[in-house]
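Position one of the sequence shown corresponds to residue 22 (the numbering used here), numbered consecutively onward.
Think of the CB as a built atom: it goes at the ideal place given N, C-alpha and C, for glycine as much as any other residue.
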Amino acid sequence: MDPNTVKSTLSNLNMGNVMAAAARDYQKELAANNKASSSNNNNHEDVDLDELMDDPELEKLHADRIAALKKEAEKRQKLQKKGHGEYRDISEGDFLGEVTGSEKVICHFYHREFYRCKIMDKHLKALAPKYLGTKFIKLDAENAPFFVAKLQVKTLPCVIIFRNGIAVDRLIGFQDLAGKDDFSTRALEIVLMKKGVISEAKKDEDEEDEYEEHIRRTVRSSADQGSDSD
Numbered sequence: 022m023d024p025n026t027v028k029s030t031l032s033n034l035n036m037g038n039v040m041a042a043a044a045r046d047y048q049k050e051l052a053a054n055n056k057a058s059s060s061n062n063n064n065h066e067d068v069d070l071d072e073l074m075d076d077p078e079l080e081k082l083h084a085d086r087i088a089a090l091k092k093e094a095e096k097r098q099k100l101q102k103k104g105h106g107e108y109r110d111i112s113e114g115d116f117l118g119e120v121t122g123s124e125k126v127i128c129h130f131y132h133r134e135f136y137r138c139k140i141m142d143k144h145l146k147a148l149a150p151k152y153l154g155t156k157f158i159k160l161d162a163e164n165a166p167f168f169v170a171k172l173q174v175k176t177l178p179c180v181i182i183f184r185n186g187i188a189v190d191r192l193i194g195f196q197d198l199a200g201k202d203d204f205s206t207r208a209l210e211i212v213l214m215k216k217g218v219i220s221e222a223k224k225d226e227d228e229e230d231e232y233e234e235h236i237r238r239t240v241r242s243s244a245d246q247g248s249d250s251d
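This is the structure:
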């Protein structure tokens, strides 16, 4: 074989070995970098959790939230003991105790055979669990002649609104509901809101949003600091 040919072949083989070795070294370096990057990310996650746990403002928000939930639970229990949270049929003998025992009361004077009274029943029953702060009751007008006369109930259905035991407003028939039988529960809900006997509670939702937003801000701040340190 020609000496020049042999020399060229050996040179090519040597170059191939060098390239293969370089490729192996490059793969090892990539693997090491990936491992280090993963470790750094885990460390950042640990820092995030530590900062969340040690954030005094977040701790105060959390404590306030727990206290508010506990207070709300106690309030709910007291109201439920008074008959709030459900739509109940009462007797004439129970009427005075029911309307004077709560701050806000909705009482439906009805007749069991009147179709429109059944429509009103359906909607009030749907609203009662939603508005725990208001008591929802109904009284058979036929069995309560004294209070029907005393409160001048002349048209059924008649929904009377009480505040601290005093009748302050009323819905006579469906006059406030466009006089139609097919009104929605939401339509009745809006009428009762305008009369001030029920109200949409947004305070707890706002507090929850503030709590969650603070957590997000803390996580973002921790992530930014981790990026700067890199």
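- One alpha carbon belongs to Y136, the other to E113, and they sit about 22 Å apart.
- By the Cβ test, the region 84–95 is not in contact with the region 131–146, since fewer than three Cβ pairs between them sit closer than 8 Å.
- Contact check for R184 against K102 fails: the beta carbons are separated by 8 Å or more.
- At the C-beta level, C138 and L177 come within 8 Å of one another.
- About 7 Å separates the Cβ atoms of L192 and V212, confirming a contact at the 8 Å cut-off.
- Distances from the alpha-carbon of I182 to those of R86, D76, L79, T121 put T121 closest.
- In this structure F116 is in contact with F168, their Cβ atoms being roughly 6 Å apart against a cut-off of 8 Å.
- K81: member of the alpha helix (DSSP H) spanning 77–102, first to last residue.
- DSSP links K216 through a beta bridge to no other residue.
- Distance from the CA atom of D202 to the CA atom of Y131, rounded to whole angstroms, is 16 Å.
- Following the DSSP letters along the chain, one finds H132 in no alpha helix (DSSP H), marked with neither H nor E.
- With a 10 Å radius around the Cβ and a threshold of 16 neighbouring Cβ atoms, K159 comes out buried.
- With distances taken between CA atoms, A162 lies nearest to K171 out of K81, G154, K171.
- When DSSP states are grouped into helix, strand and coil, D142 belongs to the helix group.
- In the three-state scheme derived from DSSP, where H, G and I count as helix and E and B as strand, A147 is classed as helix.
- Judged by DSSP secondary structure, V120 falls within the alpha helix (DSSP H) whose first and last residues are 113–121.
- The continuous stretches of alpha helix (DSSP H) do not include V174, and DSSP gives it neither H nor E.
- Closest option to G118, judged by alpha-carbon separation, among I187, G154, P150: I187.
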